[in-house]
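See below for the structure under consideration.
Residue numbers (the UniProt record's numbering): 1 to 260.
And the structure:
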């Protein structure tokens, strides 16, 4: 693969999934290079964790820092995942399926379940960050690695859901990602990248190997369950479902990391 095309794919994926000003490329490049998401998670997690730690260094109270986390997360990701998270939460809350579920998913109005889900997301993530700050600020290495692992697992979960998801019949944003996630060469590349990054994290943080394995298992299970649910409820996995997966896995891994 030409390095120029690889760079364009990475830049396109980075500009889509984050607010980092790297310039825009065709969305087609992002879909073809979806397998690079573990690197995106590494970048997101590094920026978020360092931002939180720097706020602590300058003297802000950890309660204030925890309350600021959802804003930092939003500033880094651009809210692309939260939008899908809220939309699919409305679908789940409606208990509808097929065409009715799809109409709810594409309704521009935010439903009650979407609002409740976002509120719970903010509360759970802020509380988890507060507990992490309390428990691991004595060791910057531990704190950084735990936040980074959360984001790596969250983006990898998107790939897993896309892989197990059925292809949508519409030309939505997620269609290309689901299609490319199923290509054998992309599967091998994604697994290699993810395992390489996760192995390095495990070596650096060998004392927390049980924690890393636990969140890996739970994230894999959650991703597959979401894909199965979307396949039955909608008949396919689209961009909203993929975004929902990111946020749900992020919350689950946050809670697990604070408890283990």
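Heads up, the beta-carbon is just placed ideally off N, CA and C, and yes, glycines get one too.
Please classify residue i as buried or exposed, where buried requires at least 16 neighbouring CB atoms within 10 angstroms.
| i | result |
| --- | --- |
| residue 21 | exposed |
| residue 223 | buried |
| residue 253 | buried |
| residue 26 | exposed |
| residue 7 | exposed |
| residue 77 | buried |
| residue 249 | buried |
| residue 186 | buried |
| residue 159 | buried |
| residue 200 | exposed |
| residue 54 | exposed |
| residue 168 | buried |
| residue 123 | exposed |
According to DSSP, residue i sits in a beta bridge with which residue or residues?
| i | result |
| --- | --- |
| residue 200 | Per DSSP, none; premise fails for residue 200. |
| residue 237 | 167 |
Leaving out the 5 sequence neighbours to the left and right, which residues in its chain are closer than 6 angstroms to residue i when beta-carbon positions are compared?
| i | result |
| --- | --- |
| residue 24 | 15 |
In angstroms with no decimal places, state the Cα-to-Cα distance between residue i and residue j.
| i | j | result |
| --- | --- | --- |
| residue 95 | residue 202 | 40 angstroms |
| residue 74 | residue 207 | 31 angstroms |
| residue 234 | residue 174 | 14 angstroms |
| residue 60 | residue 45 | 20 angstroms |
| residue 37 | residue 12 | 11 angstroms |
| residue 108 | residue 114 | 12 angstroms |
| residue 143 | residue 84 | 28 angstroms |
| residue 139 | residue 258 | 15 angstroms |
| residue 184 | residue 190 | 10 angstroms |
| residue 31 | residue 260 | 35 angstroms |
| residue 192 | residue 112 | 41 angstroms |
| residue 129 | residue 69 | 7 angstroms |
| residue 182 | residue 156 | 14 angstroms |
| residue 163 | residue 58 | 43 angstroms |
| residue 56 | residue 148 | 17 angstroms |
| residue 67 | residue 2 | 44 angstroms |
| residue 210 | residue 4 | 39 angstroms |
| residue 110 | residue 214 | 34 angstroms |
| residue 63 | residue 135 | 13 angstroms |
| residue 166 | residue 51 | 37 angstroms |
| residue 179 | residue 29 | 13 angstroms |
| residue 256 | residue 126 | 14 angstroms |
| residue 9 | residue 92 | 33 angstroms |
| residue 99 | residue 106 | 11 angstroms |
| residue 141 | residue 39 | 19 angstroms |
| residue 218 | residue 196 | 19 angstroms |
| residue 170 | residue 131 | 42 angstroms |
| residue 216 | residue 104 | 32 angstroms |
| residue 188 | residue 232 | 27 angstroms |
| residue 119 | residue 17 | 22 angstroms |
Tell me, to the nearest whole angstrom, how far the beta carbon of residue i is from that of residue j; I am working on the premise that it is less than 8 angstroms.
| i | j | result |
| --- | --- | --- |
| residue 34 | residue 194 | Residue 34 to residue 194, Cβ: 12 angstroms. No contact. |
| residue 41 | residue 154 | 6 angstroms |
| residue 65 | residue 133 | 6 angstroms |
| residue 212 | residue 198 | 7 angstroms |
Which residues in the same chain have their Cβ closer than 8 angstroms to the Cβ of residue i, if we skip the five residues on either side of it in sequence?
| i | result |
| --- | --- |
| residue 161 | 223, 224, 226, 227, 230, 237, 241, 242 and 245 |
| residue 121 | 70, 82, 85, 247 and 251 |
| residue 151 | 41, 42, 44, 45, 48 and 250 |
| residue 19 | 75, 76, 77 and 78 |
| residue 172 | 238 and 239 |
| residue 97 | 232, 233 and 234 |
Who are the near neighbours of residue i in its chain, counting only those whose CB is closer than 7 angstroms to its CB and skipping five residues on each side?
| i | result |
| --- | --- |
| residue 102 | 234 |
| residue 204 | 145 |
| residue 117 | 85, 86 and 89 |
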